[in-house]
Each structure stands twice: as structure tokens, then as C-alpha cells.
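Heads up: the sequence shown begins at 130 in the working numbering, then just goes up one per residue. From the three backbone atoms N, C-alpha and C, an ideal C-beta is built for every residue, glycine too.
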Amino acid sequence: QVQLVESGGGLVQTGGSLRLTCAASRRTNSIYIMAWFRQGSGKEREFVAHINWSPGTTVYADSVKDRFTVSRDSAKDEAYLQMKDLKPEDTAVYYCAASTSPGPYMYWGQGTQVTVSS
């Protein structure tokens, strides 16, 4: 079992930046992949980005490419989502997800709210 805890959300103005952190409850040497998703009010949850833990390769949704960066620190068992040039449409609850093997994400955090004011 892996528990994930997100932090770093908040209120920011358009064009601002935030860094989200996802802390894992156990050593991440068993993590295969970690991802960020988001869900805006009245919208479906959508994929934002993921990082394959061991090689550190990343994939991004087109809507955040070149503005968001996903990274990880294996020593701290943490993953990050650096967000810049934020837009009102980025407003959502952001969730961290992880899995220890290929396939559906097995573990989810409780989410952290990001609000971008216009």
C-alpha cells in the first residue's frame, strides 16, 4: 500500500506559478510511474503529466506542455509538478496518482486545490 499526500496548492493570479508536491508514504524504489491529474468543477478528471520513476521520462497533456514540469526526488520519495504561466482554465483539484506496475493507477492522493484568478 502506498499513501500519497499532495501539497502546494493555493490561489494565484493569471501568469503566476505554483509547485505541487506529492509525498509517498513508502520508499519509491517500488514505484513504476507517478502522475498528476486534475478535475475542474463540473468537469471530468483529466491527465496532466506523468513520470516513469526509474528512467525519469515524462509525458504531458497538450494543454500544459511547455508550462508545467513534472519531476521526482527519489531520495525524498517525492514527485513535483512545477506550474508556470498559470491560466484560469488551470483551476482544478490536482491529484497525484501512482502505480507499482504497468496498468491502471493503483494509488491516489486526496487532492490539492489550485485556483487561478483572472
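Rounded to a whole number of angstroms, what is the C-alpha to C-alpha distance between residue i and residue j?
{"i": "Arg148", "j": "Pro233", "result": "25 Å"}
{"i": "Tyr161", "j": "Gly171", "result": "31 Å"}
{"i": "Ile180", "j": "Cys151", "result": "12 Å"}
{"i": "Arg167", "j": "Glu175", "result": "5 Å"}
{"i": "Lys216", "j": "Gln130", "result": "35 Å"}
{"i": "Ala164", "j": "Gly238", "result": "11 Å"}
{"i": "Pro184", "j": "Ser200", "result": "11 Å"}
{"i": "Thr186", "j": "Val134", "result": "22 Å"}
{"i": "Glu218", "j": "Val245", "result": "8 Å"}
{"i": "Gly169", "j": "Gly240", "result": "12 Å"}
{"i": "Thr229", "j": "Asp206", "result": "13 Å"}
What residue does the beta strand (DSSP E) around residue i start on, and which one ends it?
{"i": "Ile162", "result": "Ile162 to Gln168"}
{"i": "Gly121", "result": "Given that the chain is displayed from residue 130 to residue 247, the structure contains no residue 121 and the question cannot be resolved."}
{"i": "Asp202", "result": "Phe197 to Asp202"}
{"i": "Arg156", "result": "Per DSSP, Arg156 belongs to no beta strand (DSSP E) and is neither H nor E."}
{"i": "Leu133", "result": "Leu133 to Ser136"}
{"i": "Gln242", "result": "Thr241 to Ser246"}
{"i": "Ser230", "result": "Per DSSP, Ser230 belongs to no beta strand (DSSP E) and is neither H nor E."}
{"i": "Glu175", "result": "Glu175 to Asn181"}
Compute the beta-carbon to beta-carbon distance between residue i and residue j, rounded to the nearest angstrom, for a pair I have assumed lies under 8 Å.
{"i": "Tyr224", "j": "Leu210", "result": "With 8 Å as the limit, Tyr224 and Leu210 do not qualify as a contact, their Cβ atoms being about 11 Å apart."}
{"i": "Ser146", "j": "Met212", "result": "6 Å"}
{"i": "Val243", "j": "Gly138", "result": "5 Å"}
By alpha-carbon positions, which one of the options ends up nearest to residue i?
{"i": "Glu173", "options": "Val245, Gly138, Thr143 and Ala221", "result": "Ala221"}
{"i": "Ala178", "options": "Ala208, Gln142, Ser246 and Ser136", "result": "Ala208"}
{"i": "Ala204", "options": "Asp214, Ala227 and Arg156", "result": "Arg156"}
{"i": "Val141", "options": "Val193, Ser192, Gly169 and Asp214", "result": "Asp214"}
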